[in-house]
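Read the structure below first, then the notes.
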Amino acid sequence: MKPEQLPNSKQPFNSLDMELDLFRKVGYEVIDAIAEYYGTLRERRIISESNSSEIEQVFQEQLPWTGQEPEAIIAEWKERVLPHATHLGSPRYFGFVNGSGTMMSVFADALATSVNMNAGGWKAGPAATEIERRAIAWVAELIGYPIDCGGLFVGGGTIANFSALLTALRNTASYDTTAEGLQSEQRKGLHTLYMSDHEGHISIVKAADMANLGRNAIRRVPSHEDLTMNTIALEKMIEEDLRSGHVPFCVVAQVGSINVGVVDPLEDIARICKARNIWFHADGACGAVGAMLPEKKHLYQGLEKADSVTLDPHKWLYIPYECGCLLVKYPEKLRRTFSIAAPYLQGTLPTDYNGLDYFEFGPHMSRSFNALKVWMSIKHYGREGYQKLLRQNILCAQHLHRLVSASPDFVPMHQPELFIYTFRWVPAEVQQQAATLQLNTYLDKMNQKITDEIMSTGFAFIMTSRIWGQVVIRLSICSHRTTLEDIDMVFERLQQIGRRLYQEEKFPAPAH
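For what it's worth, our numbering labels the leading residue of the sequence shown as 19, then goes sequentially.
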């Protein structure tokens, strides 16, 4: 900027903040808009009617040169944004594994944003730091994990799994990978990790990419018919890698898998890892919080023995985006992985303002105050409230299983243990036919068409997946607003769509 372009130093400086009365007025309008949204959420179509090109046009505008009135900007939320949102909070949103959003979190996010603490370091966010420590201990206690563990909240399951894998590597490698990385001359063979060949989550692959281990470092362990990991095969694969000069460093167990919600045999995996000094990581992004239910405890035996656990509060704790979580049994191992020092981070000389700095325990330096919405939601619901909500989701999955099992046109793919359920449309007319490539191709296409159609109506958001290579209809029932009536209505529509599509495109009867 040239000197003549500098502001006149005699002019008063202005923050351009709103006057408090205007801020309060607009704030009330925002709260009214949010309350109205919650009141109409059940009736809203879940996905926009417009296509991607049309939505792009809605937001085509020039960079503003002068400021706009706050009321006009807020009005655009209703006029432009909300009509083209996908409503994850709907009771009939069953896509991916997306939490439905607690109301208390809306207040938490607003309050956290207003203070704008940086939860990366204690001096920049002392209350944020201590609330995060308390919330981490509560989450650990809920799932039966040691409450003196280390841990932190991160963006989601991928960054949580990456942080866990890096911690595993740095605490099991035979040399200092912090200083030398994977390019050290001391490295002997590949550092290998292990996960289920069917239910292992793609975030582990991305985490291996981010750690620059290479995707070939991942060993896919065969699964049993129930899609849990075959631990006998796991032991054989580890022994083969050891004989080949590789360095097995981590086994990843699924704790509520992405397609069917299975929990791998945690006790067996813990035993195998302990005997060989291999890090035991439990990927519970989807289902670890189910351990708070006494009637499901048998599924989670051995979870407390894991060296690390990931779980996503923005999944089955219903926290709005974004909020992943990593727990590590021994905090020092987590600190050892991420600790870094610089004079501008902590000051050059000791002061009285000392506390835990989260930038030493995770990949982020600057961090948002995500812990507040977890802390406030747990305080709002309590353990009993969360147990009630989880049980409702499981009851919905079990109810759907009964509907599928009783229908002549659908085939269950598994018995649901948690909230994820998958099944396959196979009309009664073809169920007796021997499986052929042609028949499976037809059924794959029709299952996809059924889900595409119900989603296009905006009534329900459902995705397909694959189990044993077959396209299946998959519902992730982790909205705290979903009822049995929602399940009934959605299943009835799936039946109607399937019947109509079959009449329009019948599979040819076999020749005699």
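Built from N, CA and C at the ideal position, the CB exists for glycine as well.
| Query | Result |
| --- | --- |
| Distance, Cα to Cα, R205 vs Y193? | 8 Å |
| When the Cα atoms are used, what is the spatial distance from V490 to V278? | 11 Å |
| How far does the beta strand (DSSP E) with I485 in it reach, from first residue to last? | 481-485 |
| Taking only the alpha-carbon atoms, compute the straight-line gap between A182 and T176 and give it to the nearest angstrom. | 10 Å |
| Given a threshold of 16 other Cβ atoms within 10 Å of its Cβ, counted over all protein chains shown, does F77 qualify as buried or as exposed? | exposed |
| Less than 8 Å between the CB atoms is what I'm expecting for V444 and F428, so what's the real figure, rounded? | 7 Å |
| Checking 9 Å against the spacing of the C-beta atoms, do H219 and I287 come in under that value? | no |
| Once DSSP output is grouped into helix, strand and coil, what is the label at P144? | helix |
| Among the candidates K406, L436, R354, whose CA atom is the shortest distance from the CA of Y376? | R354 |
| If H105 sits next to S68, beta carbons under 8 Å apart, how far is it from one beta carbon to the other, in whole angstroms? | About 15 Å; that fails the 8 Å criterion. |
| With a threshold of 16 other CB atoms inside 10 Å of the CB of N85, please say whether the residue is buried or exposed. | The sequence shown places Gly at residue 85, rather than the Asn named in the question. It is exposed - the Cβ of G85 has fewer than 16 other Cβ atoms within 10 Å. |
| Quick check: the Cα distance between G173 and V422, rounded to an integer number of angstroms? | 36 Å |
| Kindly give me the distance between the Cβ atoms of A142 and M135, rounded to whole angstroms, as I take these residues to be in contact under 8 Å. | 6 Å |
| When burial is assigned at 16 or more other CB atoms within 10 Å of the CB, is M19 buried or exposed? | Bear in mind that a pLDDT of 47 at M19, under 50, signals an unreliable position, so the model cannot answer this. |
| Here's a check: name, in chain order, each residue in its chain whose Cβ is nearer than 8 Å to the Cβ of P290, leaving out the five neighbours to either side. | First, the amino acid is wrong: residue 290 is Ile here, not Pro. Cβ neighbours of I290 beyond the five flanking positions: T249, L252, E253, I256, V269, I296. |
| By a C-beta neighbour count over all protein chains shown, 10 Å radius and 16 as the cutoff for buried, is A186 buried or exposed? | buried |
| Helix, strand or coil for Q272 per DSSP? | strand |
| Can you find the residues in the same chain that come closer than 7 Å, C-beta to C-beta, to M383, ignoring five residues on each side of it along the sequence? | G138, F377 |
| Check this for me: beta carbons of S326 and D282, under 9 Å apart or not? | no |
| Kindly indicate the opening and closing residues of the alpha helix (DSSP H) around A415. | 389-424 |
| Can you give the Cα-Cα distance for Q264 and G199, rounded to whole angstroms? | Gln is not the amino acid found at residue 264; the sequence shown has His there. Each residue's alpha carbon lies about 16 Å from the other. |
| Using DSSP with H/G/I as helix, E/B as strand and the rest coil, what is Y520? | helix |
| What are the residues that DSSP puts in a beta bridge with I236? | L211 |
| Give me the Cβ distance between F509 and R110, rounded to the nearest whole Å; I'm assuming they're in contact under 8 Å. | Not a contact, Cβ separation roughly 11 Å. |
| Let me know if H299 comes out buried or exposed under the rule of 16 or more other beta-carbons within 10 Å of its beta-carbon. | buried |
| Could you spell out where the beta strand (DSSP E) holding D301 opens and where it closes? | 297-301 |
| Taking 9 Å as the cut-off, decide whether the C-beta atoms of C167 and Y318 are in contact. | no |
| Kindly indicate which three-state DSSP category Q488 falls into: helix, strand or coil? | strand |
| Got a sec, what are the start and stop residues for the alpha helix (DSSP H) Y439 sits in? | Here Y439 belongs to no alpha helix (DSSP H); instead the beta strand (DSSP E) covers 438-443. |
| Given a cut-off of 9 Å on the beta-carbon distance, is the pair L211 and L231 in contact? | yes |
| Please check the pair A309 and T328, which I expect to be a contact at CB under 8 Å, by giving their CB distance rounded to whole angstroms. | Actually they are not in contact, since the Cβ atoms of A309 and T328 sit about 13 Å apart, beyond 8 Å. |
| In the DSSP assignment, the beta strand (DSSP E) including S262 goes from what residue to what residue? | It is not in any beta strand (DSSP E) - S262 carries neither H nor E in the DSSP assignment. |
| Quick check on DSSP: helix, strand or coil for Y7? | Because residue 7 is not part of the residues shown, which for the chain are 19 to 530, the question remains open. |
| With a threshold of 16 other CB atoms inside 10 Å of the CB of V273, please say whether the residue is buried or exposed. | buried |
| Using the rule of at least 16 other Cβ atoms within 10 Å of the residue's Cβ for burial, across every protein chain shown, is D35 buried or exposed? | exposed |
| Bridge partners for T190 per DSSP, in chain order? | Bridge partners of T190: none, in fact. |
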